[in-house]
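Student: Converting from the sequence shown to the numbering used here requires adding 57 to each position, the first position being numbered 1.
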Amino acid sequence: MRPRQPDHQGYTVRDGVRLHREVYGEGDRTVFFLPTWSIVDSRFWKCQVPYFARHCRVLTMDGRGNGLSDRPEGAAAYTDETFAADCLAVMDDSDTRSAGIVSLSNGARWALL
58 MRPRQPDHQG YTVRDGVRLH REVYGEGDRT VFFLPTWSIV DSRFWKCQVP
108 YFARHCRVLT MDGRGNGLSD RPEGAAAYTD ETFAADCLAV MDDSDTRSAG
158 IVSLSNGARW ALL
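And the structure:
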């Protein structure tokens with residue numbers, strides 16, 4: 058079975074780093090699947106996206122250093138605060154005012170920052 062293709066995709070640029078994002082479905086409500094770890098891209102959520110996209114708008118992103126996002130060098134580019142700010146930048150750039158957040162592990166920590 059092939060994964061559902063995004064309705065829209067593009068890049069958000071924050072501090073010179075391109076962050077790949079995808080949008081699926083439509084609706085007044087948005088579910089944002091955050092990256093889980095700094096070593097996993099948005100494909101981690103591909104089994105959940107089709108179900109949620111039938112009911113609302115779904116936003117996913119590849120965290121910096123993964124998937125189709127840029128890979129900046131140096132440990133300073135990969136702090137928890139940086140990942141949290143990246144998530145907010147993707148929300149802003151995709152016209153997402155509020156969203157239900159889904160994640161685990163590091164992504165859950167970033168959601169709390």
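Note that the Cβ used here is the ideal one computed from N, Cα and C, for glycine as well. Treat the numbers as computed from the prediction; the structure is a model and nothing was measured.
What is the rounded straight-line gap between the Cα of Arg61 and the Cα of Lys103?
Tutor: Numbered from 1 along the sequence shown, position 4 holds the residue referred to as residue 61. Numbered from 1 along the sequence shown, position 46 holds the residue referred to as residue 103. One C-alpha to the other measures close to 8 Å.
Student: Excluding the 5 residues flanking Asp98 on each side, which residues of the same chain have their C-beta closer than 6 Å to its C-beta?
Tutor: Against the sequence shown, residue 98 aligns to sequence position 41. Taken in chain order, the residues that qualify are Asp119, Asn123 and Gly124.
Student: Report buried or exposed for Ala156, applying the criterion of at least 16 other Cβ atoms within 10 angstroms of its Cβ.
Tutor: The residue labelled residue 156 in the question sits at position 99 within the sequence shown. Answer is buried; the Cβ neighbour count reaches 16.
Student: What's the C-alpha gap between Gln66 and Ala168?
Tutor: Within the sequence shown, numbered from 1, the residue matching residue 66 stands at position 9. Within the sequence shown, numbered from 1, the residue matching residue 168 stands at position 111. Roughly 22 Å between the two C-alpha positions.
Student: Between Thr87 and Ala133, what straight-line distance do the alpha-carbon atoms span, to the nearest angstrom?
Tutor: Mapped onto the sequence shown, residue 87 falls at position 30. Mapped onto the sequence shown, residue 133 falls at position 76. If you take the alpha carbons of Thr87 and Ala133, they lie about 31 Å apart.
Student: Count the other CB atoms, across all protein chains shown, that sit within 10 Å of the CB of Ser126; report buried if there are 16 or more and exposed otherwise.
Tutor: Stepping through the sequence shown from its first residue, residue 126 is reached at position 69. It is buried - the Cβ of Ser126 has at least 16 other Cβ atoms within 10 Å.
Student: Grab the span of the alpha helix (DSSP H) containing Phe109 for me, first residue to last.
Tutor: On the sequence shown, residue 109 is found 52 positions in, with the first residue counted as 1. Val106 to Ala110 is the extent of the alpha helix (DSSP H) around Phe109.
Student: Note down, one range per segment and in chain order, each alpha helix (DSSP H) of at least 4 residues found wholly within the segment 62 to 129.
Tutor: With a minimum length of 4 residues, the continuous alpha helix (DSSP H) runs that stay inside the segment 62 to 129 are 106 to 110.
Student: Opposite Val147 in the DSSP bridges: which residues?
Tutor: Here residue 147 corresponds to residue number 90 of the sequence shown, with the count starting at 1. Bridge partners of Val147: none, in fact.
Student: Helix, strand or coil: how does DSSP classify Gly131 here?
Tutor: Reading the sequence shown from its first residue, position 74 is the one you call residue 131. Here Gly131 sits in coil by DSSP.
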